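*Asks:*
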Amino acid sequence: MINNTTQKIEIVKVQHSKINEVDFDNLSFGKTFTDHMLICDFKDGKWEIPKIVPYQPITLDPTARIFHYGQSVFEGMKAYKDVQDNVWLFRPLENCKRLNISSKRLAIPELPEDYFMEGLKTLLQLDKDWIPKSEGNSLYIRPYIFATGKGLHASPSDEYKFIIVCAPSGAYFSGKVKVLIEEKYSRAANGGVGFAKAGGNYAGQFYPTQLAIDKGYHQVIWTDNNTHDYIEEAGAMNIFIRINDTLITAPTSDRILDGITRKSIIDIAKDEGINVEIRKITVKEVVDASNNGSLKEMFGTGTAAVISPIESFRCKNQDYILPELENSYGSLLKKRITDIQTNKAKDTFGWRYKI
Ligand SMILES: *Cc1c(COP(=O)(O)O)cnc(C)c1O
-6 MINNTTQKIE
4 IVKVQHSKIN
14 EVDFDNLSFG
24 KTFTDHMLIC
34 DFKDGKWEIP
44 KIVPYQPITL
54 DPTARIFHYG
64 QSVFEGMKAY
74 KDVQDNVWLF
84 RPLENCKRLN
94 ISSKRLAIPE
104 LPEDYFMEGL
114 KTLLQLDKDW
124 IPKSEGNSLY
134 IRPYIFATGK
144 GLHASPSDEY
154 KFIIVCAPSG
164 AYFSGKVKVL
174 IEEKYSRAAN
184 GGVGFAKAGG
194 NYAGQFYPTQ
204 LAIDKGYHQV
214 IWTDNNTHDY
224 IEEAGAMNIF
234 IRINDTLITA
244 PTSDRILDGI
254 TRKSIIDIAK
264 DEGINVEIRK
274 ITVKEVVDAS
284 NNGSLKEMFG
294 TGTAAVISPI
304 ESFRCKNQDY
314 ILPELENSYG
324 SLLKKRITDI
334 QTNKAKDTFG
344 WRYKI
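The sequence shown begins at -6 in this note's numbering and counts up one residue at a time.
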């Protein structure tokens, strides 16, 4: 039940579930969707009560502001099923809060927290059979908001849609990634929208990332837009660099997204007794560390891939290879966070959220 109202989320169920058409042993990432979706409209100055309907296409006016002015924000989260078939989310309120932080920056009206949380819970209860149980698989959840109001005037829309779709998914990346340190293009700038999960941030990344892919790399490491001297993010993930036994990650800023995986990994690493430094780190420091043998590991963190180890990086026409480690921090921290997420370990941090 949504607070402050006597109204309940209306549910229209599918006539026939598509679940038997899905090969749960060979899931790719984000390509198959569950039977239902949540949909919630902003009209006449307020968010209406969310509805759950069969997964289906939506109709938009050709002048919907999203098409012209790119007002859109999103979130990415996962649901897990444990051996007793309990369903868990990981720090879902953080996603809800961040969605509103992103919305505010894009002049999108903030969504009441209970619409997000109750809507998500109701949807997951309905589609819980779609949550994969096998190792490495999960239900990827995509909440998003975009401008649906009509008209070509370059101003914030007066109407929006908040939608949640869910995709049973396998692992996001397979294996270690080769990255290229970017010296020309930028993902974000001071005073810009880099800290927001805005759709347009991704659009701006695709071209430079494609150039890197064409050269044989998987991802771009973003550096600061001013000097390109400082390491900021790894594609759409936060980045951690281990020099000797110290784990370093850049502080969040206007340009760096405040990842939930990032802050959880910082807390787990500290709990493990690992020395963590949250500070700016230059490309030069990483190159020097690679040259003198003190660079041990680099990895990206984010909901989709959790921890994505980096195999090598390219900087100024030279490739630097990371060593093969027996006991990497990356694999230790990945195991600890996924054990918490999937209810295989005690959650001393209070992060798990039962559906
Ligand atoms: C989503 C995202 C991340 C990771 O955030 P999580 O909350 O850990 O999933 C990092 N960087 C960028 C640019 C992102 O969009």
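Glycine is no exception: its CB is placed at the ideal position from the N, C-alpha and C atoms.
Only a predicted model underlies this, so the values are computations on that prediction, with no experimental measurement involved.
Could you spell out where the alpha helix (DSSP H) holding R329 opens and where it closes?
*Replies:* Y322 to Q334 is the extent of the alpha helix (DSSP H) around R329.
*Asks:* From the DSSP secondary-structure annotation, give me the bridge partner or partners of L31.
*Replies:* Bridge partners of L31: I45 and I157.
*Asks:* For K327 and P55, what's the separation of their Cα atoms in angstroms?
*Replies:* Using only the alpha carbons, I get a separation of about 44 Å.
*Asks:* Within 10 angstroms of its Cβ, does K289 collect 16 or more other Cβ (buried), or is it exposed?
*Replies:* Buried, because 16 or more other Cβ atoms sit within 10 Å of the Cβ of K289.
*Asks:* Rounded to whole angstroms, what is the Cα-Cα separation between G23 and T296?
*Replies:* The straight-line gap from Cα to Cα measures roughly 13 Å.
*Asks:* For a test of the three-state rule: what should DSSP assign to E176, helix, strand or coil?
*Replies:* E176: coil per DSSP, three-state reduction.
*Asks:* From L318 to E278, what does the alpha carbon distance come to, in whole angstroms?
*Replies:* Taking the straight line joining both Cα atoms gives about 20 Å.
*Asks:* In chain order, which continuous runs of the beta strand (DSSP E) of length 3 or greater are located wholly inside the stretch 234 to 322?
*Replies:* The stretch 234 to 322 contains these whole beta strand (DSSP E) runs: 239 to 242, 268 to 271, 288 to 295, 299 to 308 and 311 to 314.
*Asks:* Where C159 and M110 are concerned, what is the direct C-alpha to C-alpha distance, given to the nearest angstrom?
*Replies:* Cα to Cα, C159 sits roughly 15 Å from M110.
*Asks:* For S283, tell me which candidate among N218, Y48, I236 and D251 has the shortest Cα-Cα distance.
*Replies:* Residue I236 is the option with its Cα nearest to S283.
*Asks:* Check whether the stretch 139 to 158 touches the stretch 29 to 43, counting contact only when three or more Cβ pairs, one atom from each stretch, lie closer than 8 Å.
*Replies:* Yes: at least three Cβ pairs fall under 8 Å.
*Asks:* Evaluate I241 with the Cβ neighbour count: other Cβ atoms within 10 Å of its Cβ, from every protein chain shown; 16 or more gives buried, anything less gives exposed.
*Replies:* So I241 ends up on the buried side.
*Asks:* Determine, using beta-carbon pairs with one atom in the stretch 131 to 143 and one in the stretch 58 to 72, whether at least three such pairs fall under 8 Å.
*Replies:* With the cut-off at 8 Å, the stretch 131 to 143 and the stretch 58 to 72 touch.
*Asks:* When you compare each of T25, P244, H29 and T341 to H9 by their alpha carbons, which one comes out closest?
*Replies:* Of the candidates T25, P244, H29 and T341, the one whose C-alpha sits nearest the C-alpha of H9 is H29.
*Asks:* Measuring only the C-alpha atoms, how far is P47 from T115?
*Replies:* Between P47 and T115, the C-alpha separation is close to 13 Å.
*Asks:* Which of the three DSSP states is assigned to K121 in this structure?
*Replies:* K121: helix per DSSP, three-state reduction.
*Asks:* Measure the Cβ-Cβ separation of L250 and K190 and say whether it is below 8 Å.
*Replies:* Cβ distance < 8 Å, so L250 and K190 count as in contact.
*Asks:* Count the CB pairs spanning the stretch 328 to 344 and the stretch 203 to 212 that are closer than 8 Å, and state whether there are at least three.
*Replies:* They do not touch, by the three-pair rule.
*Asks:* Going by CA-CA distance only, name the one from G129, K71, I101 and S96 that's closest to K121.
*Replies:* Nearest of G129, K71, I101 and S96 to K121, Cα basis: K71.
*Asks:* Quick check: the Cα distance between P98 and A243, rounded to an integer number of angstroms?
*Replies:* In the sequence as displayed, the identity of residue 98 is Arg instead of Pro. One C-alpha to the other measures close to 22 Å.
*Asks:* Counting Cβ pairs, one atom from each stretch, are 3 or more of them under 8 Å apart for the stretch 210 to 225 and the stretch 168 to 181?
*Replies:* Touching, yes.
*Asks:* Based on the DSSP secondary-structure assignment, which residues constitute the bridge partners of Q212?
*Replies:* DSSP lists V172 as partners of Q212.
*Asks:* CB of R329 to nearest heavy atom of ligand 1: below 7 Å?
*Replies:* Result no, Cβ not under 7 Å from ligand 1.
*Asks:* Under three-state DSSP, which class holds E152?
*Replies:* Residue state, collapsed to three classes: coil.
*Asks:* Please return the same chain residues whose Cβ sits closer than 6 Å to the Cβ of E106, not counting the five positions on each side in sequence.
*Replies:* The answer, listed in chain order, is C89.
*Asks:* Counting contacts by CB-CB distance shorter than 8 Å, is I134 in contact with chain C?
*Replies:* In the structure shown, chain C cannot be found, because there is only a single protein chain.
*Asks:* Output the boundary residues of the alpha helix (DSSP H) element that contains L92.
*Replies:* Residues P85 to R98.
*Asks:* Alpha carbon to alpha carbon, how far is Q334 from F17? Give it in angstroms, no decimals.
*Replies:* If I take the Cα positions, the gap works out to 20 Å.
*Asks:* If we call anything under 8 Å between Cβ atoms a contact, is L197 one with S21?
*Replies:* A small fix is needed here, since residue 197 is Gly in this sequence, not Leu. Their beta carbons are not under 8 Å apart, which means G197 does not touch S21 by this criterion.
*Asks:* DSSP beta-bridge partners for L363?
*Replies:* The structure shown does not extend to residue 363, since the chain spans only -6 to 348, so no value can be given for it.
*Asks:* How is the alpha helix (DSSP H) around Y195 delimited, first residue to last?
*Replies:* Y195 -> alpha helix (DSSP H) spans G192 to D207.
*Asks:* For a quick check, are the C-beta atoms of S301 and G293 less than 8 Å apart?
*Replies:* Cβ distance < 8 Å, so S301 and G293 count as in contact.
*Asks:* Going by DSSP, what residues sit across from I138 in a beta bridge?
*Replies:* I138 is bridged to V66 and F155.
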